[in-house]
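Numbering (our numbering), first residue to last: -8 to 203.
The structure appears below as structure tokens.
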Amino acid sequence: MLNAFIADFLYAAVALFVIIDPVGTAIIFAALTTHDDAAKRRTIAKRASAISFLVLLVFGLAGEKLLRLLGIGIPALQIAGGALLFLSAKDMVTAKGELRASSEERSAASESTEDISVFPLAIPLIAGPGGMTTMVLLHAKAGGQPGAVLANALALAAMIAATLVSMLGARRLARLMGATGASVVGRVLGILVAALAAQFIIEGTQAALHLG
């Protein structure tokens, strides 16, 4: 049973890591908070992490029920979610981010004196469409088993914690990696997201054919 829990945790953690992309998020966070002091950056990072965790957790737990109310099955979500993740992967590989925060949104946020912890940092940068879709699919895969549901929640907490740590050290990380390093990491993660998207589509297609 412990082995199954560990396997569920690692599967969810890897899936969420490539979707949330703590390193890439930290690089963008550094750009968004250029004019903020250290105390304000810490406050923004902590608030954004808490908000994104709650959004993704609630969406993961309640998203499937909402879909059922709308008459949408899990196979349809797997196929649609996989297609959406493919678009996200394409943007990551080509260094574009329309499915997260757009360049215009990031530019406006960096020039604004308003709190950016909710938008665009928590949503859609951390808790974006890809993350929400992934949480619903992970919860569906858990099949209501308490151990698997707990593993998903802990994996989400771990990835949000990793994102928070990355954001708190964002300026140092940006200087260490440079633009080239950040670009390489983003493209590698983009390939992994594409593979994850393909897996979702394959599983969704198989489930749809089985139901049919």
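Virtual Cβ for every residue (Gly too), placed ideally from N, Cα, C.
From a predicted model like this one, the values you see are computed outputs, not experimental measurements.
Let me make sure I understand the geometry here. Which of the options has the alpha-carbon closest to that of residue i?
i, options, result
"K132", "L45, A118, Q69, L76", "Q69"
"G51", "S40, V184, A3", "A3"
"T196", "M(-8), R32, P66, L57", "P66"
"L45", "A118, A(-2), A29", "A118"
"A185", "G135, A6, G64", "A6"
"L112", "I42, G134, A149, D28", "I42"
Would residue i be called buried (16 or more neighbouring beta carbons within 10 Å of its own) or exposed?
i, result
"L23", "buried"
"M123", "buried"
"I19", "buried"
"P13", "buried"
"T16", "buried"
"A(-5)", "exposed"
"P137", "exposed"
Distance, Cα to Cα, residue i vs residue j?
i, j, result
"A71", "L128", "11 Å"
"A21", "L200", "46 Å"
"L61", "G54", "11 Å"
"L90", "D82", "The pLDDT assigned to L90 is 46, lower than 50, so where the model puts this residue is not dependable; a value taken from the coordinates is nonetheless given after this. Cα to Cα, the separation comes out at about 8 Å."
"R162", "K31", "14 Å"
"L145", "L159", "21 Å"
"I182", "D27", "33 Å"
"H130", "A170", "36 Å"
"I(-3)", "D106", "38 Å"
Practice prompt. Specify whether the stretch 164 to 181 and the stretch 25 to 39 touch according to this definition: at least 3 beta carbon pairs, one from each stretch, less than 8 Å apart.
Written response: no
Worksheet item: For the stretch 154 to 164 against the stretch 72 to 82, are there 3 or more C-beta pairs whose distance is under 8 Å?
Response: no
Practice prompt. Return the chain-ordered ranges of every beta strand (DSSP E) run that is complete within the stretch 163 to 199 and spans a minimum of 3 residues.
Written response: none
Item to complete: Could you name each continuous alpha helix (DSSP H) segment of 4 residues or more that falls completely within the stretch 114 to 150, going from the start of the chain to the end?
Response: 120 to 133
Item to complete: At 4 residues or longer, and completely inside the stretch 42 to 87: list those alpha helix (DSSP H) runs for me, N to C.
Response: 65 to 84
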